[in-house]
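Residue numbers (the numbering used here): 121 to 222. Quick reminder that beta carbons are idealized off the backbone N, C-alpha and C, glycines included. Values in this document were obtained by computation on a predicted structure and should not be read as measured data.
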Amino acid sequence: MDPETPFNCVPPYINAVLRGEQPEPLYADAGGDSCYAPDTGRAIALLVTADTLNHTTYNISSGHPSPHRDITRLTQDTRFTPQYDVPQAVTRYTTWRSNNPR
Numbered sequence: 121m122d123p124e125t126p127f128n129c130v131p132p133y134i135n136a137v138l139r140g141e142q143p144e145p146l147y148a149d150a151g152g153d154s155c156y157a158p159d160t161g162r163a164i165a166l167l168v169t170a171d172t173l174n175h176t177t178y179n180i181s182s183g184h185p186s187p188h189r190d191i192t193r194l195t196q197d198t199r200f201t202p203q204y205d206v207p208q209a210v211t212r213y214t215t216w217r218s219n220n221p222r
């Protein structure tokens with residue numbers, strides 16, 4: 121993912137902090153949900169290896185806070201639950217970005 125993408129507010133926010141800049145909380149009033157990449161990958165793996173899928177479409181996200189990104193189907197059919205909360209994901213991503221500058 122492009123660290124300056126306008127489609128996910130977390131990477132640009134963290135990159136501003138890493139540059140010593142005051143980050144602007146983009147889309148702060150829009151709500152939304154983020155899913156850390158390792159959780160996304162695990163959800164996809166569970167979908168690919170599931171014996172039976174009851175739906176043709178699944179949302180992959182943390183499941184909080186937006187009801188339009190409900191992960192009930194994914195959890196019921198694959199037992200997926202996110203392993204990383206936002207603080208953990210931000211800490212891991214910040215460490216990774218610090219060690220992998222552009």
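query: If Asp159 and Tyr213 are in contact, beta carbons under 8 Å, what's the gap, nearest whole angstrom?
result: Their Cβ separation, rounded to whole angstroms, is 12 Å, which puts Asp159 and Tyr213 out of contact at 8 Å.
- request: Find the nearest neighbour of Thr169 within the set Cys155, Ser182, Thr198, judged by alpha-carbon distance.
  value: Thr198
query: Hey, how far is the Cα of Thr179 from the Cα of Val206?
result: This sequence places Asn at residue 179; Thr is not what is there. For Asn179 and Val206, the distance between alpha carbons rounds to 18 Å.
- prompt: For Ser202 versus Tyr156, is the C-beta spacing smaller than 9 Å?
  reply: Looking at the sequence provided, one finds Pro at residue 202 rather than Ser. Yes, the Cβ-Cβ distance between Pro202 and Tyr156 is below 9 Å.
task: Could you name the residues of the same chain whose beta carbon sits closer than 6 Å to that of Asn174, not counting the 5 residues immediately before and after it, in chain order?
output: Asp197
Neighbour-count burial assignment, Gly183, 16 or more Cβ in a 10 Å radius: buried
task: Go ahead and label Ala165 buried or exposed: buried means 16 or more other beta carbons lie within 10 angstroms of its beta carbon, across all protein chains shown.
output: exposed
- prompt: In the structure shown, what three-state DSSP assignment does Asn135 receive?
  reply: helix
- prompt: CA-CA distance, Ala163 and Asn135?
  reply: 26 Å
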